[in-house]
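**Student:** Note that the numbering used here gives residue 456 to position 69 of the sequence shown, counting from 1, and the numbers run on in steps of one. Pasting in a structure now, in structure tokens, and then I'll have a few things to ask.
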Amino acid sequence: RFQQKPKKQVYSKEEELEEKLLAIKKKSQEQKTNPVPKSIEIMEAITVADLAKKMNLKPNELISKLMSMGYMATINQQIDAETATILASEYGCDVHIVSLYEETLIEKVADRPEDLKPRPPIVTVMGHVDHGKTKLLDAIRKTNVVAGEYGGITQHIGAYQVETPRGKITFLDTPGHAAFAEMRARGSQVTDIVILVVASDDGVMPQTLEALDHAKAAEVPIIVAINKIDLPEANPDRVKTQLSDHGLVPEEWGGQTMYFEISALQKKGIDELLEGILLTAEVMELKANYSCPAVAKVVESRIDQGRGIVATLIIEKGTLRVGDSFVAGIYPGRVRAIFNDKGVKITEATPSMPVEVIGFEGIPNAGDPFEVVENEKVARAYSLKRQELKRAEETRALKKISLDNLYDTINESNIKELKVIIKADVHGSVEALKNALEKLSTQEIHLNVIHASAGAINETDINLASASNAIIIGFNVRPTPKAKELADQEKVEIRKYNIIYKAIEEIQLAMEGMLAPEMKEVEIGTVEIRNIFKVPKVGTIGGCYVLSGVIRRTSNVRLIRDGIVIYDGKLASLKRFKDDAREVAAGFECGLSLENWNDLKEGDILEVYEIQEISRKLSS
388 RFQQKPKKQV YSKEEELEEK LLAIKKKSQE QKTNPVPKSI EIMEAITVAD LAKKMNLKPN
448 ELISKLMSMG YMATINQQID AETATILASE YGCDVHIVSL YEETLIEKVA DRPEDLKPRP
508 PIVTVMGHVD HGKTKLLDAI RKTNVVAGEY GGITQHIGAY QVETPRGKIT FLDTPGHAAF
568 AEMRARGSQV TDIVILVVAS DDGVMPQTLE ALDHAKAAEV PIIVAINKID LPEANPDRVK
628 TQLSDHGLVP EEWGGQTMYF EISALQKKGI DELLEGILLT AEVMELKANY SCPAVAKVVE
688 SRIDQGRGIV ATLIIEKGTL RVGDSFVAGI YPGRVRAIFN DKGVKITEAT PSMPVEVIGF
748 EGIPNAGDPF EVVENEKVAR AYSLKRQELK RAEETRALKK ISLDNLYDTI NESNIKELKV
808 IIKADVHGSV EALKNALEKL STQEIHLNVI HASAGAINET DINLASASNA IIIGFNVRPT
868 PKAKELADQE KVEIRKYNII YKAIEEIQLA MEGMLAPEMK EVEIGTVEIR NIFKVPKVGT
928 IGGCYVLSGV IRRTSNVRLI RDGIVIYDGK LASLKRFKDD AREVAAGFEC GLSLENWNDL
988 KEGDILEVYE IQEISRKLSS
């Protein structure tokens, strides 16, 4: 009935030692098979289990190491990148932080040299807001898109393809105003060549140099187009000299930069400029694989009332076809329709083509990768993983802010906050406006963008603004009739703009109005006490002479005796003879008494001053 226990194995000392040596040898071989890598890639946070897997270690070993470092963690607990980096360094392993998209890379087959064919160059047009970039594109396309724009500023990135006798060229038009630095930087991500437009009359401006910095950062060839040469005050040589100081030396001066003198208005020099672009492209030998699944970059996205979510793409490689399943950023989709830059429906798009695509399940961000995958199931799997990582990233960010800044937040009760909701026609404008406004925050006043998205101002926006005491900034959008009615009812302020820098300017002024004014002391007069009078039930009265300036009944005074301030306060009374006086000017006598002070002596000097409020600027 009872199972007999097996007898305990008895080892000799030699056998026991041999067993230990075998175990050590086995462990050593295992470590040689899976050594700790020299470097690993992680996102902003990682679980202990996942980190152990990446480092070819057992989770318990990492937990023990963390405990020795004074950090308690479980196998499924997330640790931040900083902790992971310190932990990995204990094993001689470097940690590289990667983005959400790098963590969920879609595997691609390497391009074979025989699959690569020439593709059109992608050219980004950059420059100052008023130097004629859009007019240049207008001249190139021989169409008129400029007339309906406000303030000479392109409000979203446009992408166009033109045909020349020598081949096609794709143009990206990035807004030139300083507020659009982020949008311009995104334009540089897909570009092959930059055209820097400079007006020959104005010369190089701050925005020109800013655009030049983005172009240099993109490490692409720069061609300079000196515009407005038809004007009497045109001075192309001045532009060349100014830009030479920044490394763009003209070819005719022994440098390597191509310069073209043009007039976008009179369409002069345009053909020569196009010739220069194609010549540069030939030297670069731009090629792409036309036969692989399409890979593109989202240049712009928006909600179109009739068509839903629409995104402008630049195809980087492969051929995009109607019916293709894809992942764009964190969202899946299926291509329902493709339109070329002229708005014509097409069935496929090849490398360097700018196209508008319909079929997105969510609004992708400008700059997001767009990748075609095998089918809808695969697209959804990648999307779910990215959305999960995105949520985890956002949760960590919120936790980090609330924990790290908890003490500061409690002690910042005197800090003022302006809450803002941003709505714009396209995502690029949303992002540019959000980045520009957030930069206005100072130590004393914080601008908090609580929501930002593309599309019309709706009832949800109004309810959020009402609950949060926020204002709504609408850029090229209007509230729906129901939203307008609700805004009036809830007393929610909606500010509508069609020029971004006007929006920034007005918000800055509003914020400056919220700043506590600076209190400045201004000396307005000097008074000498020449006689002393003791008045029963009143106190000491000083018989005075106003040496300079003026003394007012509401003034502040300092009592100075032998060069030392012995009183600083207010007047209790001010009289001329027996009458109360509002003020007494220099050269006149007066009688006065001080609040809660009777120690007056002949020869005392009163310094008369007032406190003035001075409005402050955000930069101060």
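Backbone N, C-alpha and C fix where the C-beta goes; we use that ideal spot for every residue, glycine too.
#1: Report the start-end ranges of each beta strand (DSSP E) in the segment 585–655 that is 3 residues or longer and not cut off at the edges.
#2: Buried or exposed, going by whether 16 or more other CB atoms sit within 10 Å of the CB of PRO552?
#3: Which same chain residues end up closer than 6 Å to ARG694 when comparing Cβ atoms and leaving out the 5 residues on each side of it in sequence?
#4: Hey, which unbroken runs of the beta strand (DSSP E) at 3 residues or more fall wholly within the segment 651–692?
#5: Might you give, ordered along the chain, the residues of its own chain that have their beta carbon closer than 8 Å to the beta carbon of ILE953, omitting 5 neighbours on each side?
#6: Going by other Cβ atoms of all chains shown within 10 Å of its Cβ, with 16 needed for buried, is SER476 buried or exposed?
#7: Contact defined as beta carbons within less than 8 Å: I believe LYS810 pairs with ALA675. What is the distance between those atoms, to the nearest angstrom?
#8: Rounded to whole angstroms, what's the CA-CA distance from GLY663 to THR699? Just pull it up for me.
#9: Between the alpha carbons of LEU453 and ALA436, how many angstroms are there, rounded?
#10: Pair every Cβ in the segment 614–627 with every Cβ in the segment 586–606, then say whether three or more of these pairs are closer than 8 Å.
#11: Quick one: grab the DSSP three-state call for GLN342.
#12: Mark LYS627 as exposed unless 16 or more other C-beta atoms lie within 10 angstroms of its C-beta, in which case mark it buried.
#13: In or out: GLN594 buried (at least 16 other Cβ within 10 Å) or exposed?
#14: Out of curiosity, what's the CA-to-CA distance linking THR941 and ASP966?
#15: Going straight from the alpha carbon of LEU439 to that of LYS704, what length do you get?
#16: Opposite LYS758 in the DSSP bridges: which residues?
#17: Report yes if the CB atom of VAL933 is closer than 8 Å to the CB atom of ALA857, and no otherwise.
#18: From the DSSP output, read off the bridge partner residues of ASN943.
#19: Taking its Cβ as the centre, do 16 or more other Cβ atoms sit within 10 Å of HIS483, making it buried, or is it exposed?
#20: Excluding five sequence neighbours on each side, which residues of the same chain lie with their C-beta closer than 8 Å to the C-beta of LYS988?
#21: Once you ignore the five residues that flank GLN465 on each side, which residues in its own chain have a CB closer than 6 Å to its CB?
#22: Which class does TYR769 belong to by DSSP, given the choice of helix, strand or coil?
#23: CA-CA distance, THR1031 and ASN727?
#24: Which residue from LEU873, HIS838, LEU820 puts its Cα closest to that of GLN895?
#25: Measure from the alpha carbon of GLY716 to the alpha carbon of each residue in CYS480, ALA724, SER678, SER770, then state which is nearest.
#26: Provide the residue span of the alpha helix (DSSP H) that contains THR470, from first to last.
#27: Candidates LYS729, LEU981, GLY514: which alpha carbon is nearest ARG939's?
#28: For the segment 879–917, which segments carrying the beta strand (DSSP E) assignment without a break, of at least 3 residues, lie completely within its bounds, in sequence order?
#29: Could you give the DSSP three-state label for GLU428: helix, strand or coil?
#30: Which residues in the same chain as ILE881 place their Cβ atom closer than 7 Å to its Cβ, once the five residues preceding and following it in sequence are excluded?
#31: Could you compute how far the alpha carbon of GLU997 sits from the alpha carbon of ARG963?
#32: Could you have a look at SER739 and say whether DSSP puts it in helix, strand or coil?
#33: Can you tell me which of LYS924, GLY956, THR913, ILE928 puts its alpha carbon nearest to the alpha carbon of GLY936?
#34: Using the beta-carbon count (16 or more within 10 Å), is LEU596 buried or exposed?
#35: Can you check which of these residues, VAL510, LYS445, GLY990, is closest to ILE582 by C-alpha distance?
#36: Give me, in chain order, the residues of the same chain whose beta-carbon lies closer than 6 Å to that of GLN999; leave out the 5 immediate sequence neighbours on both sides.
**Tutor:** Quick answer:
#1: 609–614, 645–648
#2: By the 10 Å Cβ count, PRO552 comes out exposed.
#3: ILE745
#4: 674–676, 682–691
#5: LEU946, ILE947, ASP986
#6: exposed
#7: Contact doesn't hold; Cβ gap of about 37 Å is too wide.
#8: 27 Å
#9: The alpha-carbon separation between LEU453 and ALA436 amounts to approximately 13 Å.
#10: yes
#11: This structure leaves residue 342 out entirely; the chain is present only between 388 and 1007.
#12: buried
#13: buried
#14: The alpha-carbon separation between THR941 and ASP966 amounts to approximately 16 Å.
#15: Checking the sequence, you will find Ala at residue 439 rather than Leu. Cα to Cα, ALA439 sits roughly 37 Å from LYS704.
#16: The sequence shown places Glu at residue 758, not Lys. The partner list for GLU758 (beta bridge, DSSP) reads VAL682, VAL714.
#17: Taking 8 Å as the Cβ cut-off, VAL933 and ALA857 do not qualify as a contacting pair.
#18: LYS957, TYR996
#19: exposed
#20: ILE916, ILE919, ARG948, listed in sequence order.
#21: ALA432, THR434
#22: TYR769: helix per DSSP, three-state reduction.
#23: This structure does not reach residue 1031, given that the chain is present from 388 up to 1007, and the question cannot be answered.
#24: Nearest in C-alpha terms to GLN895, of all of LEU873, HIS838, LEU820, is LEU820.
#25: It is SER770.
#26: 468–476
#27: LEU981
#28: 881–884
#29: Shown here, GLU428 sits in a strand according to DSSP, grouped into three states.
#30: ILE844, ILE859, GLY861, PRO866, ALA874
#31: 21 Å
#32: coil
#33: THR913
#34: exposed
#35: VAL510
#36: Counting only Cβ-Cβ distances below 6 Å, and skipping sequence neighbours, we find LYS907, VAL909.
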